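Undergrad: Shown below is the structure under consideration.
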Amino acid sequence: AMEEGALEVLAEIEAQGGMVKAIENGWASAESERSVAQYLSRVASGEHVVVGHNKYRTDEPVERSVFRIDPAFEQKQKDRLAKLRAERNDAEVTAKLEALRQAVRDDNNMVRPCIEAAKARATFGEMTQAIYGEMKSFRENFRDLKLRMYA
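Residue numbers are given in our numbering: position 128 of the sequence shown equals residue 139, and the series is strictly consecutive.
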């Protein structure tokens, strides 16, 4: 049954002219919304069980604790980051991050520039900012990306 359903979806995607076309013409979004609505309806009716939500609920108050980072650990991480930034070659990091930005602008594969930036000791946050700074937002640029991972 699951395989048949998957094959039906794949056939519909092909009928749309492929996944890029299905996204561009709004079919993929509409199908996603339909699927979510169907799931929520099944949960609300009890047809689909979500333990603790629509079955096996308790009226007893549940004690919840908020996760808090130990201030000593947080300070240790801040110190490590400051040390990393003090010891790395800022010019090299800047150059590697610019190469990553250029890869995004040129619609090229970003794996190699990310690896090179990491070798230069760029942080994950810096690499993420470089990428998203060029992409603006995923939704704005989705069509322009043309699913480069499949290209």
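Every residue, glycine too, gets a C-beta built ideally from N, C-alpha and C.
In this text, all values refer to a predicted model and were calculated from it rather than measured experimentally.
1) Buried or exposed for M13, going by 16 or more other Cβ atoms inside 10 Å?
2) Where does L108 land, buried or exposed, given buried means 16+ other C-beta within 10 angstroms?
3) Span of the alpha helix (DSSP H) holding I142?
4) I believe R112 touches A141 by the beta-carbon criterion, under 8 Å. Please report the beta-carbon distance rounded to the nearest angstrom.
5) Just curious, the alpha helix (DSSP H) that Y50 is in, first and last residue?
6) How is V62 classed by DSSP in three states: helix, strand or coil?
7) Helix, strand or coil: which one does DSSP assign to F78?
8) Please determine, among E15, A33, Y67, E137, the residue with the shortest C-alpha to C-alpha distance to R96.
9) Please report the residue range of the alpha helix (DSSP H) in which G16 lies.
10) Between which two residues does the alpha helix (DSSP H) carrying P72 extend?
11) What would DSSP say about A102, mapped onto helix, strand or coil?
TA: Short version:
1) By the Cβ neighbour-count rule, M13 is exposed, with fewer than 16 other Cβ atoms within 10 Å of its own.
2) Burial call: buried.
3) Run containing I142: 135 to 146, per the alpha helix (DSSP H) assignment.
4) Contact check for R112 and A141: beta-carbon distance about 5 Å, within the 8 Å limit, so the pair qualifies.
5) Counting along the chain, the alpha helix (DSSP H) containing Y50 begins and ends at 38 to 56.
6) V62: strand per DSSP, three-state reduction.
7) In this structure, F78 counts as coil in the three-state DSSP scheme.
8) Nearest option by C-alpha distance: E137.
9) Residues 13 to 27.
10) It is not in any alpha helix (DSSP H) - P72 carries neither H nor E in the DSSP assignment.
11) Helix, per DSSP.
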